[in-house]
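J.: Take the sequence shown: its position 195, counting from 1, is numbered 808 in the working numbering, and each next residue is one higher.
This is the structure I have questions about; it appears just below.
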Amino acid sequence: MRQKTLVASTRLTLVRELGSEQFSETLFATTKEELSADGWKKHEAHVAEDAPLTQEEWDRKQLKEAEVQEVGGTGRRGAGYGGGSSSGLRMGAGPGVVAALQKLEDGALVLLRISAAEIIEYADSATGVTPATLASHISDNEPTYAFYQHSYEGESGPESAVIFIYTCPTASPVKQRMIYASSKRSVETLAEKDAGLKLAKKMEATDPSDISAKAIEDEFQVKQEVKGGFARPKRPGRR
């Protein structure tokens, strides 16, 4: 007991004199074996292990890696479609995809999905869609890529623009979410290069209901420039 007290007292004295920041690591032991060479190796192995993650944290980690994979480019089909991938690989598009995008007009909506074979497929389309009804056309249980041509009042009068919308519900299977996250850039490039669309705005949401009329209107809100008159600086000592 006296020996343990002496060790603890010595350590506390060193910490006070040198400062806790001088010690890169503190090891607490209950047996002599833990202070042996084998004990130290076990300690180092334990420190090197990844911290335990919850299922939600693990899912976020996998999705983050998929997004990094998309930007950096990998050997996976579709990763970095025309977007600077060193592999140069392109994800294939199914029949009718490019044609549907090229026919996009005011108030029209085109929905795309990724097939089990990782091919961009045409899913559905609709006309006469308004910002208020847009969300009702998008699935709330699986990821979706949507292209919507929106009419709005611009600075110089009525204008029209294409919005790319990516939705990914949390209820979707993790593997599916990863595929859609890493293929998003591929779909954007398909629309821009193959279909010739100019994507004026890009929106992302977990739930389709987040893509509300207000959310869309906010994207196209004309910002009013506020100009203030020149304020002459006051002389020192005067108020």
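Backbone N, C-alpha and C fix where the C-beta goes; we use that ideal spot for every residue, glycine too.
With Phe-777 and Leu-812 assumed to form a contact (beta carbons below 8 Å), what rounded beta-carbon distance in angstroms separates them?
T.: Yes, Phe-777 and Leu-812 are in contact; Cβ-Cβ is about 5 Å, under 8 Å.
J.: For Ile-733 versus Leu-725, is the C-beta distance shorter than 7 Å?
T.: Yes, they are a contact pair.
J.: What separation, rounded to the nearest whole angstrom, lies between the Cα atoms of Glu-657 and Glu-647?
T.: Cα-Cα distance, rounded: 12 Å.
J.: Determine, using beta carbons only, whether Ala-721 comes closer than 7 Å to chain B.
T.: The structure shown contains no chain B; it is built from a single protein chain.
J.: Can you name, in chain order, every residue of its own chain whose Cβ lies under 6 Å from the Cβ of Ala-818, other than the five neighbours on each side?
T.: Hits under 6 Å: Thr-780, Ile-824.
J.: Exposed or buried, which one is Ser-749 when buried takes at least 16 other CB atoms within 10 Å?
T.: Per the 10 Å Cβ criterion, exposed.
J.: Based on Cα-Cα distance, which residue from Tyr-761, Ser-769, Met-791 lies nearest to Ala-826?
T.: Ranking Tyr-761, Ser-769, Met-791 by Cα distance to Ala-826 puts Tyr-761 first.
J.: How is the alpha helix (DSSP H) around Ile-829 delimited, first residue to last?
T.: Here the alpha helix (DSSP H) through Ile-829 covers 826-832.
J.: If we call anything under 7 Å between Cβ atoms a contact, is Ala-808 one with Leu-714?
T.: Yes, these two residues count as a Cβ contact at 7 Å.
J.: Which whole-angstrom value is the C-beta distance of Pro-744 and Glu-805, which I expect to be below 8 Å?
T.: Not a contact, Cβ separation roughly 23 Å.
J.: Whose C-alpha, out of Thr-740, Thr-783, Glu-755, is nearest the C-alpha of Ser-764?
T.: The option with the nearest alpha carbon to Ser-764 is Thr-740.
J.: Do you know how far the Cα of Gly-767 is from the Cα of Ser-752?
T.: Each residue's alpha carbon lies about 30 Å from the other.
J.: With 16 other CB atoms within 10 Å as the buried threshold, where does Pro-785 fall?
T.: Residue identity check: residue 785 is Ser in the sequence provided, not Pro. The residue is buried, with at least 16 neighbouring Cβ atoms inside 10 Å.
J.: Hey, how far is the Cα of Thr-783 from the Cα of Ala-729?
T.: In a straight line, the C-alpha of Thr-783 is about 19 Å away from that of Ala-729.
J.: So the alpha helix (DSSP H) Ala-813 belongs to, where does it begin and stop?
T.: Ala-813 -> not in any alpha helix (DSSP H); beta strand (DSSP E) instead, spanning 812-818.
J.: According to DSSP, simplified to helix, strand and coil, what is Ile-733?
T.: Three-state DSSP puts Ile-733 in a strand.
J.: Would Pro-756 and Tyr-793 qualify as a contact pair, given that the criterion is a beta-carbon distance under 7 Å?
T.: For Pro-756 and Tyr-793, yes; Cβs fall inside 7 Å.
J.: Out of Gly-652, Asp-737, Trp-653, Ile-727, point me to the one whose CA is closest to Met-791's CA.
T.: Residue Ile-727 is the option with its Cα nearest to Met-791.
J.: Three-state secondary structure (DSSP) at Ala-713?
T.: Ala-713: helix per DSSP, three-state reduction.
J.: Could you spell out where the alpha helix (DSSP H) holding Ser-796 opens and where it closes?
T.: Its alpha helix (DSSP H) spans residues 787-802.
J.: Could you check where the beta strand (DSSP E) with Leu-648 kicks off and where it finishes?
T.: Note, Leu-648: premise wrong, no beta strand (DSSP E); not H, not E.
J.: Ser-773 bridges to which residues according to DSSP?
T.: For Ser-773, which the question treats as bridged, DSSP gives the partners Ser-764.
J.: Could you check where the beta strand (DSSP E) with Ile-727 kicks off and where it finishes?
T.: Residues 722-727.
J.: Count the other CB atoms within 10 Å of the CB of Glu-801; is the residue buried (16 or more) or exposed (fewer)?
T.: Burial call: buried.
J.: What did DSSP end up calling Ala-759 once you bin it into helix, strand or coil?
T.: In the structure shown, Ala-759 sits in a strand (DSSP, three-state: E or B).
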